[in-house]
Amino acid sequence: MSKRRWETPVMVVCKRSGQMLLVATTEEALNMLLTAWPVSTGKAFFRALQACADVESGLRTPHEARDCFIAAAREAEIPIEVALTG
Numbered sequence: 161m162s163k164r165r166w167e168t169p170v171m172v173v174c175k176r177s178g179q180m181l182l183v184a185t186t187e188e189a190l191n192m193l194l195t196a197w198p199v200s201t202g203k204a205f206f207r208a209l210q211a212c213a214d215v216e217s218g219l220r221t222p223h224e225a226r227d228c229f230i231a232a233a234r235e236a237e238i239p240i241e242v243a244l245t246g
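Read in order, the letters of the sequence shown correspond to residues 161 to 246 in my numbering.
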């Protein structure tokens with residue numbers, strides 16, 4: 161998967177360690193969803209997975225994947241810091 165950089169990164173707070181992680185690409189978001197996400201259920205979680213895959217195939221934009229990733233974080237009650245994009 162190509163990196164597909166996001167215009168504005170998302171800061172994610174790891175629930176276990178409290179460490180802040182910067183997610184700046186669709187690839188990083190997908191990796192986090194698949195390997196470090198505290199849940200593997202929920203509509204927003206599956207939408208985010210699909211959106212990341214769709215970016216690679218050209219069906220969605222990185223901005224759409226970012227929005228879905230943010231929704232999945234909120235659904236999973238993962239603390240995030242988000243800057244608004246235009």
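The C-beta atom is built at its ideal place from N, Cα and C for all residues, glycine as well.
Query, Result
"Beta-ladder partner(s) of threonine 185, from DSSP", "Arg165"
"Residue of Ile230, Met171, Trp197 and Val199 minimising C-alpha distance to alanine 211", "Ile230"
"Three-state secondary structure assigned by DSSP to valine 215", "helix"
"Glutamate 224 - containing alpha helix (DSSP H), residue span", "222-235"
"Neighbourhood of lysine 175 by C-beta, 8 Å cutoff - its chain only, sequence neighbours within 5 removed", "Pro198, Ile238 and Pro239"
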